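Undergrad:
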Amino acid sequence: MLAVPFALVLLALWFNVIHRRNDRKLAAEYLRETALHAYIDNVSGLLLEKGLRSSQPGDEVRNLARARTVTLLSQLDTKRKLRVVQFLCESQLIAVVGLYGADLQEVNLAHMPLSGANLVGANLSKADLSGANLSGADLSKANLSETNLNRADLSKAKLNGVHLNKANLKGAYLSTADLGYAILSEANLSETNLTGANLSKADLSYAILSEANLIVADLSRANLSEADLRGARLSGANFNGTNLNGADLSGANLNNTYLSLEQLTKAKGLQEYQVDIEEPQS
Numbered sequence: 626m627l628a629v630p631f632a633l634v635l636l637a638l639w640f641n642v643i644h645r646r647n648d649r650k651l652a653a654e655y656l657r658e659t660a661l662h663a664y665i666d667n668v669s670g671l672l673l674e675k676g677l678r679s680s681q682p683g684d685e686v687r688n689l690a691r692a693r694t695v696t697l698l699s700q701l702d703t704k705r706k707l708r709v710v711q712f713l714c715e716s717q718l719i720a721v722v723g724l725y726g727a728d729l730q731e732v733n734l735a736h737m738p739l740s741g742a743n744l745v746g747a748n749l750s751k752a753d754l755s756g757a758n759l760s761g762a763d764l765s766k767a768n769l770s771e772t773n774l775n776r777a778d779l780s781k782a783k784l785n786g787v788h789l790n791k792a793n794l795k796g797a798y799l800s801t802a803d804l805g806y807a808i809l810s811e812a813n814l815s816e817t818n819l820t821g822a823n824l825s826k827a828d829l830s831y832a833i834l835s836e837a838n839l840i841v842a843d844l845s846r847a848n849l850s851e852a853d854l855r856g857a858r859l860s861g862a863n864f865n866g867t868n869l870n871g872a873d874l875s876g877a878n879l880n881n882t883y884l885s886l887e888q889l890t891k892a893k894g895l896q897e898y899q900v901d902i903e904e905p906q907s
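Reading the sequence shown from the start, the letters are residues 626 to 907 in our numbering.
1. Please state whether DSSP places Asp-666 in a helix, a strand or coil.
2. So which of Glu-887, Arg-693, Asn-878 and Arg-855 has the shortest CA-CA distance to Gly-866?
3. For Asn-688, which three-state DSSP category applies?
4. Assign Ser-885 to buried or exposed, taking buried as 16 or more other Cβ atoms, counted over all protein chains shown, within 10 Å of its Cβ.
5. Whole angstroms is fine: what's the gap from Leu-701's alpha carbon to Lys-766's?
6. Tell me whether the beta-carbon of Asn-813 lies closer than 7 Å to the beta-carbon of Ile-840.
7. Which residue comes first and which comes last in the alpha helix (DSSP H) that contains Leu-891?
8. What distance in whole Å lies between the Cβ atoms of Tyr-725 and Ala-747, which are believed to be in contact at a cut-off of 8 Å?
9. According to DSSP, simplified to helix, strand and coil, what is Tyr-798?
10. Within the continuous alpha helix (DSSP H) that includes Thr-703, where are the two ends?
11. How many angstroms separate the CA atom of Ser-669 from the CA atom of Gln-711?
12. Going by the beta-carbon positions, is the gap between Ser-835 and Ser-815 smaller than 7 Å?
13. Output needed for Lys-791: all residues of its chain with C-beta closer than 7 Å, excluding positions within five of it in sequence on either side, in chain order.
14. Which residues does DSSP list as the beta-bridge partners of His-788?
15. Determine the burial state of Asp-843: buried for a count of at least 16 other Cβ atoms within 10 Å of its Cβ, exposed for fewer.
16. I'd like the list of long-range same chain contacts for Val-732, defined as Cβ closer than 8 Å, with 5 residues on each side in sequence excluded.
17. Just to confirm my understanding: we take Ala-762, look at its own chain, exclude 5 residues before and 5 after, and list those with CB closer than 8 Å. What are they?
18. Measure how close the beta-carbons of Leu-854 and Ala-872 come, nearest whole angstrom, since I'm counting them as under 8 Å.
19. Go through its chain and collect everything with a Cβ distance to Thr-882's Cβ below 8 Å, but skip five positions before and after it.
20. Here's the rule I'm using: 16 or more other beta-carbon atoms within 10 Å means buried, otherwise exposed. How should Leu-627 be labelled?
21. Which residues in the same chain as Gly-821 place their Cβ atom closer than 7 Å to its Cβ, once the five residues preceding and following it in sequence are excluded?
22. Could you have a look at Met-626 and say whether DSSP puts it in helix, strand or coil?
23. Under 7 Å between the Cβ atoms of Ser-679 and Val-686?
24. Is there at least one non-hydrogen atom of the ligand ZN closer than 6 Å to the beta-carbon of Leu-819?
25. Identify which residue in Cys-714, Gly-796, Leu-879 and Ser-830 has its Cα closest to the Cα of Ala-837.
26. Indicate the three-state DSSP secondary structure (helix, strand or coil) for Arg-858 in the structure shown.
27. Considering only residues of the same chain and omitting the five flanking positions on each side of Leu-895, which have a CB-CB separation below 7 Å?
28. Of the choices Asp-666, Leu-698, Leu-718 and Ala-663, whose alpha-carbon is the least far from that of Pro-682?
29. By Cβ distance, which residues of its chain are closer than 8 Å to Ala-847, with the 5 residues on each side in sequence left out?
This is the structure:
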């Protein structure tokens, strides 16, 4: 006889717990939305009353806007983080308000106009930046691991020391980009334009660079071990001290490119260059 009332009590307690969880979730959503609206009002005030857009680096109004932006981003969910970035872009403030160190992990920023943005040290891991305009942006030491940068424009971007391991950069435009010391292991760089890019001392181990344009790129002392360079255009590229152990250069264009004897023997797909380097028989 007591089993039924006891079961009803448990059911009531369970519904009470669910109700409280829903209440907390709704409260958190309300607080995030309120904080977002307050931020937009505050920065709009700085824009209209304090000349934020025409301010200079180091100005108090610019430092205040950055502090409020980065603090808010750490409290928001991904969809509201996107709205913050959209607001900055629409207000022409994306290159004014520094986003260095900002948390934009997993945010969908596809096709966003982020030219000139300061994203030094920002966390953009697993974000979607496909088709985004990041020309001239500073992404030095940023975390872009597993990020989708398919067809993104990164021309003249600063990417030294950036983490791009396992990122998708297929078809991206990286002409003259600075990727010195960058970590690009297992990244997909197929069909990417890297003309004149600085990849000195970058880690490109196991990266896919098939059909990539690396004409006059600086690959000195880079790690290209086991990289896929099939059909890549490498004319005039600098391979001084580059690790090509196990790299596949089948069908690559190596006109006006110097490779050492050790590089020729350790890379794959270079049989046509090795016919005259065998040890002479006694």
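All C-beta atoms in this analysis are idealised placements derived from N, C-alpha and C, irrespective of residue type, glycine included. The structure presented is a predicted model; accordingly, all values stated were derived computationally and were not measured.
TA: This is what the structure gives:
1. In the sequence shown, the residue the question calls residue 666 occupies position 41. It is helical.
2. Translated into positions along the sequence shown, residue 866 becomes position 241. Measuring from the Cα of Gly-866, the nearest candidate turns out to be Glu-887.
3. In the sequence shown, the residue the question calls residue 688 occupies position 63. Looking at Asn-688 - three-state DSSP - the assignment turns out to be helix.
4. For the purposes of this step, residue 885 is taken as the residue at position 260 of the sequence shown. Exposed is the call here.
5. Walking along the sequence shown from the start, residue 701 turns up at place 76. Walking along the sequence shown from the start, residue 766 turns up at place 141. Going from the Cα of Leu-701 to the Cα of Lys-766 covers about 23 Å.
6. By 1-based counting over the sequence shown, the position of residue 813 is 188. By 1-based counting over the sequence shown, the position of residue 840 is 215. Result no, Cβ atoms of Asn-813 and Ile-840 do not sit closer than 7 Å.
7. What you label residue 891 is simply residue 266 of the sequence shown in a count that begins at 1. Here residue 891 is Lys; the residue named in the question, Leu, does not match the sequence. Its alpha helix (DSSP H) spans residues 886 to 891.
8. As a first step, residue 747 must be located in the sequence shown, where it is residue number 122. As a first step, residue 725 must be located in the sequence shown, where it is residue number 100. With 8 Å as the limit, Ala-747 and Tyr-725 qualify as a contact, their Cβ atoms being about 6 Å apart.
9. In the sequence shown, residue 798 corresponds to position 173, counting from 1. Reduced to three states, the DSSP call for Tyr-798 is strand.
10. Counting from 1 along the sequence shown, the entry for residue 703 is found at position 78. 703 to 715 is the span of the alpha helix (DSSP H), which, as asked, contains Thr-703.
11. By one-based count along the sequence shown, residue 669 stands at place 44. By one-based count along the sequence shown, residue 711 stands at place 86. If I take the Cα positions, the gap works out to 14 Å.
12. Here residue 835 corresponds to residue number 210 of the sequence shown, with the count starting at 1. Here residue 815 corresponds to residue number 190 of the sequence shown, with the count starting at 1. For Ser-835 and Ser-815, yes; Cβs fall inside 7 Å.
13. Position 166 of the sequence shown holds residue 791. Same-chain partners within the cutoff: Ser-770, Glu-771, Glu-811 and Ala-812.
14. The sequence position of residue 788 within the sequence shown is 163, counting from 1. Partner(s): Asn-768 and Ile-808.
15. To locate residue 843, count along the sequence shown from 1; it is residue 218. Asp-843 comes out buried.
16. Position 107 of the sequence shown holds residue 732. Closer than 8 Å at the Cβ level, and outside the excluded window around Val-732, lie Thr-703, Lys-706, Leu-707, Val-710, Leu-749, Ala-752 and Asp-753.
17. The residue given as residue 762 occupies position 137 in the sequence shown. Counting only Cβ-Cβ distances below 8 Å, and skipping sequence neighbours, we find Leu-739, Ser-740, Gly-741, Ala-742, Asn-743, Leu-744, Leu-779, Ala-782 and Lys-783.
18. Sequence index remark: in the sequence shown, residue 854 carries index 229 (1-based). Sequence index remark: in the sequence shown, residue 872 carries index 247 (1-based). Between Leu-854 and Ala-872 the beta-carbon gap is near 6 Å, inside 8 Å, which marks them as a contact.
19. If you number the sequence shown from 1, residue 882 lands on position 257. Excluding sequence neighbours, Thr-882 sits near Leu-859, Ser-860, Gly-861, Ala-862 and Phe-864.
20. Walking along the sequence shown from the start, residue 627 turns up at place 2. With a pLDDT of 46 at Leu-627, under the threshold of 50, the modelled position of this residue cannot be trusted; read the value that follows with caution. Its Cβ having fewer than 16 others within 10 Å, Leu-627 is exposed.
21. On the sequence shown, position 196 is the one that residue 821 refers to. Result list for Gly-821: Ser-800, Thr-801, Val-841 and Ala-842, in chain order.
22. Along the sequence shown, read from residue 1 onward, the residue named residue 626 stands at position 1. Note that Met-626 scores a pLDDT of 44, beneath 50, so its modelled location is shaky; the value from the coordinates is reported in the next line. Here Met-626 sits in coil by DSSP.
23. Residue 679 sits at position 54 when you count from the first residue of the sequence shown. Residue 686 sits at position 61 when you count from the first residue of the sequence shown. No, these two residues do not count as a Cβ contact at 7 Å.
24. What this structure holds is no ligand at all, so the ligand ZN is not there to describe.
25. Along the sequence shown, one-based indexing puts residue 837 at 212. Across the set Cys-714, Gly-796, Leu-879 and Ser-830, the C-alpha of Gly-796 shows the shortest separation from the C-alpha of Ala-837.
26. Numbered from 1 along the sequence shown, position 233 holds the residue referred to as residue 858. Strand, per DSSP.
27. Residue numbering aside, residue 895 sits at position 270 when the sequence shown is read from its first letter. A distance below 7 Å between beta-carbons, with the five flanking residues on each side excluded, links Leu-895 to the following residues of its chain, in chain order: Leu-874 and Leu-889.
28. Taking the sequence shown and counting its residues from 1, one reaches residue 682 at position 57. Nearest option by C-alpha distance: Leu-718.
29. Here the question's residue 847 lines up with position 222 in the sequence shown. Taken in chain order, the residues that qualify are Leu-824, Ser-825, Lys-826, Ala-827, Asp-828, Leu-829, Thr-867 and Asn-868.
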